[in-house]
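With our numbering, the residue at position 422 of the sequence shown is 1406, and numbering never jumps. A short write-up of the structure that comes next.
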Amino acid sequence: MMCWKLTGDARWLALAATLALLSGISATHADQPAAAEPGAAIYAARCASCHDRPTDRIPPRGYISLLRSPEAVVETLRRGSMQPQAAGLGAGEIDAVAEFITAKKLGAAPAVKVDPAANRCASSAPPLRARGATWNGWGGDHENKRYVAAPGLSVRELPRLKPKWAFALPGSMAWGQAVIVGGRLFTASHGGTIYSLDARSGCTYWAVETNTVVRTTVSVGALPRSSAPARFAVFYGELETGIVHARDAESGALLWSTKVDEHPFVRLTAAPVLHADRLYVPVSSMEEVTAGASGLYPCCSFRGSIVALDTASGRMVWKAHAITDEPRPTKVNSDGTRMFGPAGAAIWSTPTVDAKRGLVYAGTGNSYTEVETEVSDALVAFDMRTGERKWVSQVLKGDNSIVNCGGRVTGNCPNPEGPNLDFGSSPILRTLKNRKPVIVVGNESGIVYAFDAANRGKQLWQHEVGLPPGEGSLLGGQAADEDTVYAASFQRAPVEEVYEEGHVFTPLPRGALTALDLRTGKRRWQIEAPEVSCAWGSEGCSHGQRAAVTAIPGAVFSGALDGHIRAYAARDGAVLWDFDAGQAMESVNGVKAGGGPIAEGGQTIVDGILYVNVSSMSGGAGAIIAFSVDGK
């Protein structure tokens, strides 16, 4: 019935009402001792339940203190994704909790400023041509293989890899990755600056400051000739607004902007995938965080989706929700708030295009409510032309979960509560030697799944690769050559808390790289990350391998949270090359950059150059580091 539908206006009104009600929540609980340090009580009441016991996409408090400045935390609480948690707090209270979380004083350290005008190329760029070697979008191509057949780099040369240059990125987190098209490097920084660089020297052709948060890797493509004056466009999405932009790849000028979802907690966390004249955009949300913060929020109304846009105009061609049923009123929760469902099945990762079968594949996340759905924690196939949902292959039923429940059955918390195990990696499409098409994708459970693309996603095999068993997770992305899939994992479950100088940190220490037979799923080898020290010290040191991996003939590259980037032999996993990026280095644009974990994005390789994203543990600038043989 139409009266059941939560329209965009109704959702915004619900959000406003929720924030108003949240403002009456006390910053302290009666059963919690008063903390001497300003901000501690607020943190304990509103933040600790998630950040002291982090799961999935929630960062541990230790990482926040090392990677974020108090100014950045204040911005997140006032205008970013944590606004609901800060509802009702005064400016002084927000400042206090930001200083407590980061263990830093506001204004104590000057913010690292990356000048977008620095290191300009001496001459104008030649006309962009989509020729030669490329790495486009998240997976290198629309099938997301993350495999480079002709890298311009041999296995014998790997031990001679040295930094060629480093480029500083605004913001301490390096989320996206380098995209190489026509000899140019395109990237988006977490701080919201979009860049076009010379791929060989790192000099800047153009840079555009957007004043938004951008977490996605960009995609670059030729536009139809009728869309002059631009010939090529750079496509990307804003994290917190649901807006997708296209910019002229030659100049950075804005071509069009399209809002793909009106939900107040929409998130664009993954790169769009480009095929022909269509851009396929995955849509996720943070509603599960808001719903867990208070039972006063009417949970839940968001449904994950894929949106197809016309590349020339930004016109929405179709929008397909993973959950086809619209949310309807269900029960009243223990706080007296009407609930809705079904909801959830966010799409966190870049979808995959199967041009031969005319399908787009996407992995989904958990359900937010007790209303059952067959589409959560599933691989879903959509018709490329119409968006019609063609088939669903679910791997875990009943994964009804929101953040911050911890076994509670009050408020919006589902009962029973599921483990919250999403498909956070992009599906990989490969064809076996017997011509069978296979889709391979890793799950946050630490399990790699294979599906039959020619038989409505029938599951072919599954293999757990996480360490320790039952605690490992796959999030960044896998790579696959002709007969092997490579998966990097990190420890998901919290281990014993460490107390150091009054600071609590829950490390996620273990990581591994595993090779599986693409046809059978049989393990070929597994190598655990070496237990090396971190260049920045012991706090926040983890050996988890969260970032996406990349393969070339004979070798696999995988970065770790300890700041090391390593090349492994594809045959047996032997380490062929190891570089410690945990120390900040001088950049070509004049700022010390990097010196932290390799946590997000992945490596790209084009024309003999390896590009690696590195975050900063000092709260400074993230970096793209370019490696070449002997640094030449």
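Ideal Cβ positions, reconstructed from N, Cα and C, are used throughout, including at glycine. As the structure is a computational prediction, the values presented were derived from the model and not from experiment.
Query: Through-space distance from Q1567 to G1456, alpha-carbon basis; Result: 27 angstroms
Query: Exposure of T1504, with buried meaning 16 or more beta-carbon neighbours within 10 Å; Result: exposed
Query: Cβ-Cβ distance between T1177 and P1256 below 7 angstroms; Result: no
Query: Per-residue DSSP class, three states only, for F1611; Result: strand
Query: Under the three-state DSSP convention, the category R1476 falls into; Result: coil
Query: Integer-rounded CB distance, given that S1599 should sit under 8 angstroms from A1158; Result: 5 angstroms
Query: Span of the alpha helix (DSSP H) around Q1067; Result: Q1067 to A1070
Query: Neighbour flag for A1214 against chain C, beta carbons, 7 angstroms; Result: Protein chains in the displayed structure number just one, and chain C is not present.
Query: Alpha-carbon spacing of K1129 relative to S1602, whole angstroms; Result: 33 angstroms
Query: Closer than 6 angstroms: I1078 CB and nearest the ligand COA heavy atom; Result: Within the structure as shown, the ligand COA is missing, as the structure has no ligands at all.
Query: V1316 classed as buried or exposed, judged by whether at least 16 other C-beta atoms fall within 10 angstroms; Result: exposed
Query: Rounded C-alpha distance that separates T1200 from P1143; Result: 31 angstroms
Query: Unbroken stretches of the beta strand (DSSP E), 3 residues or longer, contained in the segment 1135-1167; Result: 1145-1153 and 1163-1165
Query: Environment of S1173 [buried if 16+ CB atoms lie within 10 Å]; Result: buried
Query: Own chain, CB closer than 8 angstroms to V1590, minus 5 neighbours either side, in chain order; Result: A1117, T1118, W1119, V1132, P1135, G1136, I1164 and A1183
Query: Environment of F1611 [buried if 16+ CB atoms lie within 10 Å]; Result: buried
Query: Among G1205, G1155, G1175 and A1150, nearest to L1181 - alpha-carbon criterion; Result: A1150
Query: Limits of the unbroken beta strand (DSSP E) element including I1431; Result: I1431 to D1436
Query: Residue from D1079, K1148, K1616 and S1410 with nearest C-alpha to D1125; Result: S1410
Query: Cβ shell of W1240 (< 7 angstroms), same chain only, five flanking positions each side left out; Result: A1230, S1297 and G1298
Query: Simplified DSSP state of P939, which is helix, strand or coil; Result: Residue numbering for the chain in the displayed model covers 985 to 1616; residue 939 lies beyond these limits and cannot be assessed.
Query: The beta strand (DSSP E) enclosing V1301, as first and last residue numbers; Result: M1300 to H1305
Query: Buried or exposed (CB count within 10 angstroms, at least 16 for buried), T1534; Result: buried
Query: CB-CB length for A1098 against V1575, believed under 8 angstroms; Result: A small fix is needed here, since residue 1098 is Val in this sequence, not Ala. Contact holds; Cβ gap of about 5 angstroms.
Query: Option nearest V1250 by Cα separation, candidates A1237, R1215, P1266 and S1235; Result: P1266
Query: Local Cβ density within 10 Å of P1453, reported as buried at 16 or more and exposed below that; Result: exposed
Query: Other residues of its chain near S1235: CB distance less than 7 angstroms, five sequence neighbours each side excluded; Result: W1190
Query: A1554 and L1560 closer than 7 angstroms at C-beta; Result: no
Query: Distance, L1459 Cα to G1402 Cα; Result: 18 angstroms
Query: Buried versus exposed, by CB contacts within 10 Å (16 or more), N1439; Result: exposed
Query: Bridge-paired residues (DSSP) for R1373; Result: F1366
Query: In chain order, each beta strand (DSSP E) run of at least 3 residues that lies wholly inside the segment 1262-1338; Result: 1262-1269, 1289-1294, 1300-1305, 1312-1316, 1322-1325 and 1336-1338
Query: Integer-rounded CB distance, given that T1468 should sit under 8 angstroms from R1617; Result: This structure gives no information on residue 1617, because the portion of the chain shown stretches from 985 to 1616.
Query: Identity of the residues DSSP links to G1391 by a beta bridge; Result: None; G1391 has no bridge partner.
Query: Among V1204, M1270 and A1237, nearest to T1295 - alpha-carbon criterion; Result: V1204
Query: Distance between P1400 and D1406 (C-alpha atoms, nearest Å); Result: 17 angstroms
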